[in-house]
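Residue numbers (full-length UniProt numbering): 1 to 50. Report on the structure given below.
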């Protein structure tokens, strides 16, 4: 997980020209959507600008 986080920081710096990655909160987002007929589990990297 830590390695993935560091890779994501490097990617953001390069792709979006972000000089200070600490302006962003980066995390692993987990979401569970429940319906009458099914349960959908979703996980993905996400970014919030602080």
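Each residue gets a CB set at the ideal place from its N, CA and C atoms; glycine is no exception. Treat the numbers as computed from the prediction; the structure is a model and nothing was measured.
Margin query: Please state whether the Cβ-Cβ distance between residue 43 and residue 29 is less than 9 Å.
Written below: yes
Just how far apart, CA to CA, sit residue 10 and residue 16?
-> 10 Å
To the nearest angstrom, how far is the alpha carbon of residue 79 from that of residue 45? Outside the displayed span of the chain (1 to 50) sits residue 79, for which this structure offers no information.
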